Every structure is written in structure tokens, then in C-alpha cells.
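Below is one structure, written out as C-alpha cells; comments come after it.
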Amino acid sequence: MKIPLSYTWRSLWARRLTTVLTLGGIALVVFVFAAVLMLSHGVEQTMIDTGSDDNVIVLRRSANSELVSQIDRDAANMIRTNPSIATSGDGKPVVSTEVMVIINLQRKETNDMGNISVRGVSPEAPALRPEVRIVEGQMFRFGSHEIILGSSLAKRFQGTGIGEQIRFGDALWTVVGHFEAAGNGFESEIWGDVEQLMPAFGRPVFSSVTLKLRDAGDFEAVKKQIESDPRTQYTELKREKVYYSEQSKLMSDFIKILGLVVTIIFSIGAVIGAMITMYAAVANRTVEIGTLRALGFQRRSVLSAFLVESVFLAVIGGGAGVALAALLSFVRISTVNFGTFSELAFGFTLSPSIVVSAMVFSTLMGIVGGFLPAVRASRMNILTALRSS
55 MKIPLSYTWR SLWARRLTTV LTLGGIALVV FVFAAVLMLS HGVEQTMIDT
105 GSDDNVIVLR RSANSELVSQ IDRDAANMIR TNPSIATSGD GKPVVSTEVM
155 VIINLQRKET NDMGNISVRG VSPEAPALRP EVRIVEGQMF RFGSHEIILG
205 SSLAKRFQGT GIGEQIRFGD ALWTVVGHFE AAGNGFESEI WGDVEQLMPA
255 FGRPVFSSVT LKLRDAGDFE AVKKQIESDP RTQYTELKRE KVYYSEQSKL
305 MSDFIKILGL VVTIIFSIGA VIGAMITMYA AVANRTVEIG TLRALGFQRR
355 SVLSAFLVES VFLAVIGGGA GVALAALLSF VRISTVNFGT FSELAFGFTL
405 SPSIVVSAMV FSTLMGIVGG FLPAVRASRM NILTALRSS
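Take a look at the structure:
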């Protein structure tokens, strides 16, 4: 014979204060757990969204980022002639030869210096990245010392307003526009003409070449052609999404490990709190337990009732924690990307898998915290329990 669920609900209601305190502890732990996963997922999503399925990035073999990669002009010109590359309306191949450098700018709020990525691009870059759109000002003119900035940079750093000038690379650059890029990593960059930026920084070679394929399925064939050609065999081709996913891995893993360590410490406290609450419930309901056993309820029914009570608390607390964490979806922060050592703006991103993981985590806390008290309740002697009154 099973104990009705209404008994569990009435028991929780009778202990409203301890119930609320236990719920709060579990909700806090689940909030931290979900926030860590959202933060890590936000980094990954921001970086992965920076790439396109049709785009391929060409780097020097073994270079783990554009900062340490070098592609000479002859190799870039050879790559540009590949017939599998898509062409624009005027028949030109959609290929952008690019250079990546890091500069320092002062933050508006703290005056601290931050590392900013500056990307020199070719005129074909807008065709490669259609998500990039000017939201204030205008596009820079190729052949000039004009630049555009990601909107997130303009909000956080000094000297980034339209018409203001920034000195870097032994030259003075005029900000003519701010752009958005669907929230991806490009919003944390400064863009200018690659042919103007290279001499300004004394760079005789490109950092990378990005191209758009006619057919994304041709990637392996194009990769084999370019990497086996003696003139370009020192290069390595990667799908753009794969490249940016790799760039996010180090930082994402660091956030997960650090966050999970903190979560485990918090969860131990929450489990102990739930266990104390359930032990107190058993102690205060000794007569009730004895009566239930005298009425014919079996030990496993008593054990199940108390375990369900603990899990029920954990699930409600977990739901509250996830709901609080969901509010972080409106928050956008920035930090140093370990892959490029430059500023990266990203947001907390909630996904169905994170919700499931958080609820499973809270349920496990309920099971662990309620198991021993439930076992104690189920093993209680009937006569001893009734005499305690």
C-alpha cells in the first residue's frame, strides 16, 4: 500500500519555514550551476556563430590562430584562382586576404587598458560575412585610413565615437562607422583596409585568407588541391566554423572547470542542508511514522514517501534556480579570449540541454540529501515510534 502524495504536500506545508530555506539553498546552487554552463555555452556560441558553413579559412600549417599565421602574397594569389571558389556579381572570386593584429584601448569605466583585435580585410569581406551591417555611420573607404568598430567595442572603450580618431600602428585612424554582426565575435573587432593596415604595422604578409566555396561539399577536394600544391603546401585549410570552435575551446573548458569546482562546493552545502531538513522532519514526525506503519504501510512505502518529499523539494528548487539563471540571458559581458588574448563580448546562453542538466543535477541532490533520512524513517520500530508520544 502506497502513501498518498497529499501526505507529502501537507508535510511540506506544515514546515513552511524550513521548506523555503531548503528550496532557497538548492535554487542558489542550481542557479550557479546553470549560470556556469550558460557562460561556457555563450562563449562557444559566440565564436561558432562567427564562422559560416560555406567559408573556409586558410592559415599557415600548425598555426593555432591568425595572430601567429603568415600567408605570403604569391600563395594568396594562387589560392584565389581555385575554380571551386564562389564568385560575386562582377565575376571576382569571393576571397578576402586579411591581417590580424592586437592593439590597446582604454576602457570608459575604469580607464584600464584592454586588448582589441584589429582585422584588415579586402573589398570582398562583406560578401563573405553578410551578417555584418553598419548600424551607425558608414562603411570605411578602401585606400583610406578609415575604420569601423563592432558596436560592443564602441560602448566600452574610449575614443570610439563616430568621427573620433585612434592612433595605432604609427598612423592615425578615423572611426567612420559602428557595425553589428548578429552577436558573434566580429562585434569585438576593429575593421579596416588590409592594404593600409599591413604597412602601418610593418607586416609584409597576410595572416590568413578566407574564401567562400561554390558548394560547401567541395571542401575536402579544395583542401587536398591547395595543401598538395608545392606553392601552397605550407598552408592548412579549415572550415570557418571549425576554426572558431577551436578558438573557443580553451576558454570554454576553463570556465566549465572553474565553475564546476565552485558548484560542487556549493552543492555539498545544499545536500547537507537538505539532509538536515529531512532528518528534522523524521524526528518531528516519529508518531506519524509509527501510525503509518501500524496502519499497514510497508517500510518501502515510508521510504518512498520521504524520498519523494526530498526530490520534490529539489525539483522545485531546481526549477527556481533555472528560472533565475534564465534572466542572465539579457546580460552581455566581455573578457579576454584565451585564443587571441583580446577582448571578446558574449552573453549567457540558455539551451534545452542546460535546462535538462540543471534539473538532473537538482534531482540528484534531492536523492542524495533525502536517502539516509528516508532509510531511517523506514527502519523505525513501530512500538518505539508510538511510545515517543
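First residue of the sequence shown? That's 55 in our numbering, and the numbers climb one at a time after it. Backbone N, C-alpha and C define an ideal beta-carbon position, used for all residues, glycine too. Remember, predicted model here, so these are calculated numbers, not experimental data.
Per DSSP, L381 lies in no beta strand (DSSP E) and is assigned neither H nor E. Unbroken alpha helix (DSSP H) stretches of 4 residues or longer found wholly inside the segment 181-227: 205-210, given in chain order. By the neighbour-count criterion, in which a residue is buried when 16 or more other Cβ atoms sit within 10 angstroms of its Cβ, N109 is buried. Judged by DSSP secondary structure, R127 falls within the alpha helix (DSSP H) whose first and last residues are R127 to R134. For E249, the enclosing alpha helix (DSSP H) stretches over residues V248 to A254.
Per DSSP, the unbroken beta strand (DSSP E) holding Q160 starts and ends at V149 to Q160. Rounded to the nearest whole angstrom, the CA to CA distance from S171 to M154 is 7 Å.
With contacts defined by Cβ atoms closer than 8 Å, M92 and L381 do not form a contacting pair.
For K146, the secondary structure class from DSSP, reduced to helix, strand or coil, is coil. Put simply, the backbone Cα of S142 is about 20 Å away from that of V112. In the DSSP annotation of this structure, the continuous segment of the beta strand (DSSP E) that includes E290 starts and ends at T289 to R293. The C-beta of Q301 has 16 or more other C-beta atoms within 10 Å across all chains shown, which makes the residue buried. Between S262 and E185, the C-beta gap is not smaller than 8 Å, which leaves the two residues out of contact.
For the 8 Å CB-CB criterion, V229 and E241 do not form a contact. Taking C-beta separations shorter than 6 Å and ignoring five residues to either side along the sequence, the partners of D126 in its chain run V259, following chain order. Secondary structure note for I280: its alpha helix (DSSP H) is the uninterrupted segment F273 to S282. Under the three-state reduction of DSSP, S262 is assigned to strand. Cβ atoms of V385 and F400 stay farther apart than 8 Å, at about 10 Å. Excluding residues up to 5 positions away in sequence, I111 lie with their Cβ nearer than 6 Å to the Cβ of Y297 in the same chain. Between the segment 188-204 and the segment 230-237 there are three or more C-beta pairs closer than 8 Å, enough to call the two in contact.
L226 and L418 have their C-alpha atoms roughly 59 Å apart. In this structure, DSSP gives S123 a state outside helix and strand, which the three-state scheme calls coil.
Cα atoms of I280 and V189: separation of roughly 37 Å, rounded to the nearest angstrom. Excluding residues up to 5 positions away in sequence, E185, V186 and E241 lie with their Cβ nearer than 6 Å to the Cβ of A235 in the same chain. In this structure, the beta-carbon distance from A412 to V369 does not fall below 8 Å. Taking the Cα of S416 as reference, the smallest distance to any Cα among R173, A359 and F320 is reached at F320.
Under the Cβ criterion (8 Å, minimum of three pairs), the segment 284-297 does not count as touching the segment 80-94.
Of G79, E98, R183 and G223, the smallest CA-CA separation from D307 is found for E98.
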